[in-house]
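Everything on this sheet refers to the single structure shown next.
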Amino acid sequence: MVAWLPAGGKPASRWSLTRQEFLVAITNPKALLLFAAFIPQFITTHGSAAPQLLIAGFTYIGIEAFPALGYATLGGRLGDLEITRRTQRRLDRITGMSFLGLRRLSPEHRP
5 MVAWLPAGGK PASRWSLTRQ EFLVAITNPK ALLLFAAFIP QFITTHGSAA PQLLIAGFTY
65 IGIEAFPALG YATLGGRLGD LEITRRTQRR LDRITGMSFL GLRRLSPEHR P
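If you're matching positions, the sequence shown starts at 5 in the working numbering and goes up one per residue.
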């Protein structure tokens, strides 16, 4: 299944996909808020802030790379399967119900 490709198109290069992912990640407001709110707690005033921010940033990127790699691998493998429309609807429903179930575990939802 290559529905994401334009007619007669070829897959994008890894460099192109990496660059696109970087641009999406760097402009993601949630990531910027997380970095601005969470990371400063670990920056001390005893040293230069720049190296500490770089280390914290690269640590965050390293940790974040593992789930992203897992999602990409799983998505690639699922994309290779010939899934019928009926099976796709079932997967969509299961995913939606899972998200609704996980929402009930969130602290905002508890009485």
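Every residue gets a Cβ at the ideal spot worked out from N, C-alpha and C, and that includes glycine.
Since the structure is predicted, the reported quantities are computational estimates derived from the model, not experimental observations.
>> What would DSSP say about P71, mapped onto helix, strand or coil?
In response: Here residue 71 refers to the residue found at position 67 when the sequence shown is read from its first residue. P71: helix per DSSP, three-state reduction.
>> Let's see if you can read the secondary structure: which residues bound the alpha helix (DSSP H) around F103?
In response: Counted from its first residue, the sequence shown places residue 103 at position 99. Run containing F103: R89 to R107, per the alpha helix (DSSP H) assignment.
> Beta carbon of F46, beta carbon of A60: below 8 Å?
Replying inline: Working through the sequence shown from its first residue, we reach residue 46 at position 42. Working through the sequence shown from its first residue, we reach residue 60 at position 56. For F46 and A60, yes; Cβs fall inside 8 Å.
>> So for A16, helix, strand or coil by DSSP?
In response: To locate residue 16, count along the sequence shown from 1; it is residue 12. In the structure shown, the three-state DSSP call for A16 is coil.
>> When you compare the CB positions of Q56 and T48, do they come within less than 8 Å of one another, or not?
In response: Mapped onto the sequence shown, residue 56 falls at position 52. Mapped onto the sequence shown, residue 48 falls at position 44. Contact: yes.
>> Check for me: the alpha helix (DSSP H) holding L38 runs from which residue to which?
In response: Position 34 of the sequence shown, counted from the first residue, corresponds to residue 38. L38: member of the alpha helix (DSSP H) spanning P33 to F42, first to last residue.
> Helix, strand or coil for G51 per DSSP?
Replying inline: Looking up residue 51 in the sequence shown gives position 47. DSSP places G51 in coil when its eight states are reduced to three.
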